[in-house]
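The structure under discussion appears below in the form of C-alpha cells.
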C-alpha cells in the first residue's frame with residue numbers, strides 16, 4: 165500500500181494499476197491514467213510526459229478515492245463524466261445509460277445508406293448520442309428524441325448544446341408504450357433495452373450501477389421491438405427506414421417480429437459488429453403495404 169505522502173505520478177500510476185488489476189479490471193493501467201488525468205486536470209499525453217513529477221498529498225488522496233470507487237465496480241464513465249463515441253466526447257451522468265461501442269455500428273449502418281433524412285425519430289435516446297450525431301451528419305434534419313427518463317433527457321440536452329445542435333432536436337419525455345406520435349418520420353432509429361429480464365443480474369458488476377429500465381427488454385429481451393414495429397406502422401413514411409440495435413443472438417427474433425408486421429420490404433438487413441456478431445437490423449417500410457396514418 166502506498167502511503168499518503170506525496171508520490172510521483174509514476175508511483176501513483178503503478179499503485180493504482182495494481183489495485184485495479186487485483187479486482188479483475190481490464191486495461192488497468194489505462195484506467196489509472198484516465199483517473200489521474202482527471203484529478204490533475206490534464207490530458208493523458210501531458211500526464212505521461214510528467215511521470216517524474218511529484219503529487220501533492222491532496223491530489224493523491226483524491227486519486228485514491230477514485231481508485232477505490234472503481235475497485236468496487238463503479239463505472240469509469242460515471243467517475244470521469246464522459247464517454248468517447250465516434251471520436252466525439254459526450255457527457256455521461258449517473259442514472260443514465262452509458263453508451264457502448266456497439267451502438268457505433270447502428271449509427272454507421274444509417275450513415276452507410278447514403279440517404280438524406282429530414283425528419284428523424286430516436287426512440288430511447290438516453291444520453292442523446294444517436295440524436296446528436298445524426299443531427300450533425302444531416303444538417304437539414306429535425307430530430308425528435310424520446311425517453312421516459314427526465315435525467316436522461318437533461319443529459320441529452322446538455323450533449324446537444326455542447327455539440328451545437330440543440331436547436332434542431334426536440335427532446336420529449338414519454339413512455340414509448342403510451343406515446344402517440346403526431347407526425348411522420350423518414351427514419352426511426354433506436355437502441356432499445358434488449359437484455360432479457362432474467363439475465364440482468366448475471367451481467368458484469370459495472371452494469372448494476374446503470375438504470376435497470378435502460379437494460380430490461382422483458383422476458384425474451386424483445387418487448388421494445390414489438391412497439392417499434394407498431395411505431396413504424398403508425399408514423400414511418402412509406403419508403404422510410406427503421407434501424408435498431410439488437411443483442412447478438414436476437415436477429416431471428418427481431419426479424420420474425422418485423423416480418424410479422426407486414427409493412428416492410430422482404431429484404432431485412434442484419435449488420436454485424438466488429439466482432440462478427442449480429443448487432444443491427446435495418447428495414448425499409450414498403451411503399452405498397454405502408455398502412456398507418458400516412
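Numbering (the working numbering), first residue to last: 165 to 458.
Just so it is clear, CB atoms sit at the ideal spot from N, CA and C, and this is done for glycine as well.
Apart from the five residues on each side of it in sequence, which residues of its chain come closer than 7 Å, Cβ to Cβ, to residue i?
i	result
residue 387	381
residue 244	198 and 202
residue 247	241, 254, 256, 262 and 263
residue 233	243
residue 250	268, 271 and 297
residue 266	409, 437 and 443
Of all the options the options, which has the alpha carbon lying nearest to the alpha carbon of residue i?
i	options	result
residue 208	263, 189 and 197	197
residue 333	339, 250 and 302	302
residue 338	355, 276 and 316	316
residue 370	206, 275 and 190	190
Which residues in the same chain as residue i place their Cβ atom closer than 6 Å to its Cβ, once the five residues preceding and following it in sequence are excluded?
i	result
residue 180	196 and 231
At which residues does the beta strand (DSSP E) containing residue i begin and terminate?
i	result
residue 336	333 to 337
residue 382	Looking at the DSSP string, residue 382 is not in any beta strand (DSSP E), and its letter there is neither H nor E.
residue 316	Not the beta strand (DSSP E): residue 316 falls in the alpha helix (DSSP H), residues 314 to 326.
Give me whichever residues DSSP pairs with residue i in a beta bridge.
i	result
residue 285	308 and 352
residue 172	218
residue 359	380
residue 447	406
residue 247	254
residue 231	In the DSSP output, where bridge partners are listed per residue, residue 231 has none listed.
residue 462	Here the chain comprises residues numbered 165 to 458, so residue 462 is not present and cannot be evaluated.
residue 400	349
residue 428	449
So, for residue i: in the same chain, excluding its five sequence neighbours on each side, which residues have a beta-carbon less than 8 Å away from its beta-carbon?
i	result
residue 217	172 and 173
residue 359	367, 379, 380, 381, 385 and 411
residue 377	312, 313 and 357
residue 177	193, 196, 197, 200 and 215
Please report the residue range of the alpha helix (DSSP H) in which residue i lies.
i	result
residue 241	240 to 244
residue 274	266 to 275
residue 300	293 to 301
Give a single yes or no on whether residue i has its beta carbon closer than 7 Å to a heavy atom of the ligand MN.
i	result
residue 366	The ligand content of the structure shown is nil, which means the ligand MN is not present either.
Determine contact between the stretch 295 to 310 and the stretch 269 to 287, defined as no fewer than three beta-carbon pairs at a distance below 8 Å.
yes
Could you tell me whether the stretch 220 to 229 touches the stretch 397 to 410, where touching means 3 or more Cβ pairs closer than 8 Å?
no
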